[in-house]
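Asker:
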Amino acid sequence: MRNSKLTAEQKRWQKKFGDRLRELIFARGYQSIYDFWINSGISDHVSRSYLNYLVNGERDPKLYLTRILAKTLGTKISTIVDFD
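The sequence shown: position 69 = 68 (numbering that gives the first Met the number 0), numbered continuously.
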């Protein structure tokens, strides 16, 4: 869903999701989002540009992709989305 059609609350959620995802990526020792994309195997599941959109809070991830991100980061989905 594009940002222009989102409510303020949805935009805040996307931003929080992206911030949390970035935090987890760097906490796992990756030097950059690109480093994570190249070296984690996530590139088989998501394009580099879409991953950047997610990290920048510009896209709302599908549940399946959130599950793959969590698995790749060695954590649970709840860890990624628990930011309230």
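Glycine residues also receive a C-beta, built at the ideal position from the N, C-alpha and C atoms.
Please confirm if the region 17 to 37 is in contact with the region 73 to 82, defined as three or more CB-CB distances below 8 Å between the two stretches.
Answerer: yes
Asker: Taking the CB atoms as reference points, tell me whether Tyr33 and Arg47 lie closer together than 8 Å.
Answerer: Here residue 33 is taken as the residue at index 34 of the sequence shown, counted from 1. Here residue 47 is taken as the residue at index 48 of the sequence shown, counted from 1. For Tyr33 and Arg47, yes; Cβs fall inside 8 Å.
Asker: If you run the structure through DSSP and keep just helix, strand and coil, what is Gly56?
Answerer: To locate residue 56, count along the sequence shown from 1; it is residue 57. Three-state result, Gly56: coil.
Asker: By DSSP, does Thr71 sit in helix, in strand, or in coil?
Answerer: As a position in the sequence shown, residue 71 is number 72, starting the count at 1. Here Thr71 sits in helix by DSSP.
Asker: Quick one, which of Phe16, Ile67, Leu53 has its alpha-carbon nearest Ile41's?
Answerer: Numbered from 1 along the sequence shown, position 42 holds the residue referred to as residue 41. For the residues Phe16, Ile67, Leu53, the minimum Cα distance to Ile41 belongs to Ile67.
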